[in-house]
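What follows is a short report on a single structure.
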Amino acid sequence: MTSQVILVLGATGSTGRRVAEQLQAAGHRVRAASRSAETRFDWSDPTTWEAAVSGVSALYLMAPDGTPIDPAFVSLAVEQGVERIVLLSSGGIETMGDERLLAAERTVRDSPAGWTILRPSWFDQNFDEGFLRPAIMAGELVLPIGDVGQGFVDAGDIAAVAATALTEDGHAGQTYELTGPRSLPFAEAVEIIGRASGREVRYLGGDEDYIAANGFTGESIQATKAFAALRALGDQPVTETVAQVTGHPPKSFETYAKQAAANGAWR
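All residue numbers for the sequence shown refer to numbering that gives the first Met the number 0, where the first residue is 0 and numbers rise by one.
As structure tokens, then:
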């Protein structure tokens, strides 16, 4: 597929950037698109869609949190010749009631393109590039997950699975649950980051902690209910999918934290 063009949406984000880099390193032709990239793509501006997808054979499909994947874009992509779609979804979306991603999955499954759905656990990079970094820098992370283990997975490993599914046969019609090599509680993850960064960070994982930090609002109460459903599942089982698809084991959380700290993530 090196002569064909692969469109990567969200190409400045945690996974999209890495997908584009890995594809380019392997010699594939990549069209990196986002609201700020040379190829401009904006979910809220359909006039940007056709130019982005024209002449493309495969698509890494994602949207920022809170933004739905418009079925009209997927239809346009297929009309323009896209034969392969890899969708970034998320683990536990039925439990959490994430209708946005459930709808996105239905959209790609209903399309005539060969599709692959990625359902990763929590990104490692949430702690240094994403929404959890301010809490780490403030020294206190409040999230009502309790002490159940989560299968934190590195964005580089997610990107490697995506790049493989975009360029190699045998992945159409597959939904991949992606985790790191072990399941660990948020308290342990925060402790590992603290050791790597030299920062003191504590974790508060109760519903009452979350409501106290975010206010007694309908939104915070709804969030605690969703997280309670996730807690009820118990420790998240780890999968072998990263190794099976890419041929290499997933990065450990300890390695991620050491590398991120060495790169100045939490200075």
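Note that beta-carbon positions come from the ideal geometry of N, C-alpha and C, so glycine has one too.
If you look at G113, you'll find it in the beta strand (DSSP E) that goes G113 to P119. Residue range Q173 to L177 is occupied by the beta strand (DSSP E) that includes T174. Rounded to the nearest angstrom, the gap between the Cα atoms of F122 and E218 is 23 Å.
Look at Q243 here: in three-state DSSP terms it is helix.
Annotation: L101 is outside any beta strand (DSSP E); the continuous alpha helix (DSSP H) that includes it extends over E98 to D109.
Inter-segment contact for the region 82-90 and the region 113-121 is present: three or more beta-carbon pairs are separated by less than 8 Å. Our two residues, W265 and A50, have alpha carbons roughly 38 Å apart in a direct line. For the 8 Å CB-CB criterion, F252 and I191 form a contact.
In the structure shown, S43 adopts coil according to DSSP, grouped into three states. In this structure, the alpha-carbon of K257 lies about 45 Å from that of E78. A direct Cα-to-Cα measurement between R99 and A242 gives close to 29 Å.
Cβ-Cβ distances below 7 Å link D41 to R34 and T47 in the same chain, with the five nearest sequence neighbours on each side left out; the list follows chain order.
The C-beta distance from V147 to G65 rounds to 25 Å, too long to meet the 8 Å contact threshold.
About 6 Å separates the CB atoms of I157 and L177; that is less than 8 Å, so the two are in contact.
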